[in-house]
Amino acid sequence: MQLSRERITKAALEILAGYGLADVSMRRVASSLSVAPAALYWHIANKQELIAAMGLAIVQPLIDDPLPHPADLSRQLRDAVLGVRDGAEVLVAAMSQPDAEVRAVLAETFVEAVGAYAGSSSSDVRAAALGILHLTLGDAAVHQAGAQLAEATHGDQPTDDDAAALHEQAVGYLLDGLARHS
1 MQLSRERITK AALEILAGYG LADVSMRRVA SSLSVAPAAL YWHIANKQEL
51 IAAMGLAIVQ PLIDDPLPHP ADLSRQLRDA VLGVRDGAEV LVAAMSQPDA
101 EVRAVLAETF VEAVGAYAGS SSSDVRAAAL GILHLTLGDA AVHQAGAQLA
151 EATHGDQPTD DDAAALHEQA VGYLLDGLAR HS
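Take 1 as the starting number for the sequence shown in UniProt numbering and just add one per residue.
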């Protein structure tokens with residue numbers, strides 16, 4: 001099978017699912033594809049670019065789907081990130097890179113969703129949209145880290161239903177505030 005950016009990203013996501021982000025390396029991805037590590041660099045320049053590709057792959061279904069209500073978009077993003085081992089860490093690392101495509105695409109998607117909800121495209125819409133995006137990522141990262149700690153220490157794991165309900169309530173407060181402010 002032909003080596004491609006998509007195939008490399010898929011292999012990296014499979015390693016991520018099985019072993020976590022700490023075990024995703026260019027060498028390990030190459031080994032899983034039965035190629036020399038140097039073969040990957042034609043398609044993906046370095047691990048940071050690989051993480052960016054992984055982050056984009058995690059959220060691609062949200063970007064491809066029709067634009068939902070902002071609260072639904074937030075829930076879908078949270079579910080997508082929490083559905084992948086170390087997904088929050090991957091997405092935050094991908095979005096923190098300069099000129100990150102995933103950051104621009106997610107920001108645009110959230111701004112469009114909030115703008116459609118609010119009926120405008122003011123700077124308040126952008127602030128609310130980015131606030132919801134960052135709230136969602138932060139909530140997912142804290143939830144995922146707590147679950148990993150509980151698993152490692154055999155402690156109590158956070159209740160998914162409670163965390164999801166609190167997240168949706170917080171997003172609702174942001175949207176209500178925007179509606180009152182507009």
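All C-beta atoms in this analysis are idealised placements derived from N, C-alpha and C, irrespective of residue type, glycine included.
Every value quoted in this text rests on a predicted model; they were computed, and no experiment measured them.
TODO: Identify the continuous alpha helix (DSSP H) that holds Q2 and give its terminal residues.
DONE: Per DSSP, Q2 belongs to no alpha helix (DSSP H) and is neither H nor E.
- [ ] Taking 7 Å as the cut-off, decide whether the C-beta atoms of V143 and A163 are in contact.
- [x] The residue you asked about is not Val; residue 143 is His in the sequence shown. Yes, Cβ-Cβ distance for H143 and A163 is below 7 Å.
TODO: Check the C-beta distance from G55 over to L91 and give it rounded, since I have them as a contact under 8 Å.
DONE: 5 Å
Task: Straight-line Cα distance separating H181 from N46 - done: 44 Å
Open item on the list: Determine, for S121, whether the minimum Cβ-Cβ distance to residues of chain D falls below 7 Å.
Closed with: Protein chains in the displayed structure number just one, and chain D is not present.
Task: Cβ separation of L178 and D124, assumed to be a contact under 8 Å, to the nearest whole Å - done: 6 Å
Open item on the list: G87 and I63 - do their beta-carbons sit closer together than 7 Å?
Closed with: no
Open item on the list: On a Cα-Cα basis, can you pick out the residue from V102, L137, S122, V84 that is closest to Y19?
Closed with: V84
TODO: Write down the C-beta distance between V29 and L40 rounded to the nearest angstrom, noting that I regard them as a contact closer than 8 Å.
DONE: Indeed they touch by this definition, with Cβ atoms about 6 Å apart.
- [ ] Just confirm the distance between the C-beta atoms of G172 and A71, as a whole number of angstroms; I'd bet it's less than 8 Å.
- [x] 6 Å
TODO: Can you give me the Cβ contacts of Q169 inside the same chain, cut-off strictly under 8 Å, excluding the 5 residues immediately before and after it?
DONE: Nothing listed; no residue qualifies.
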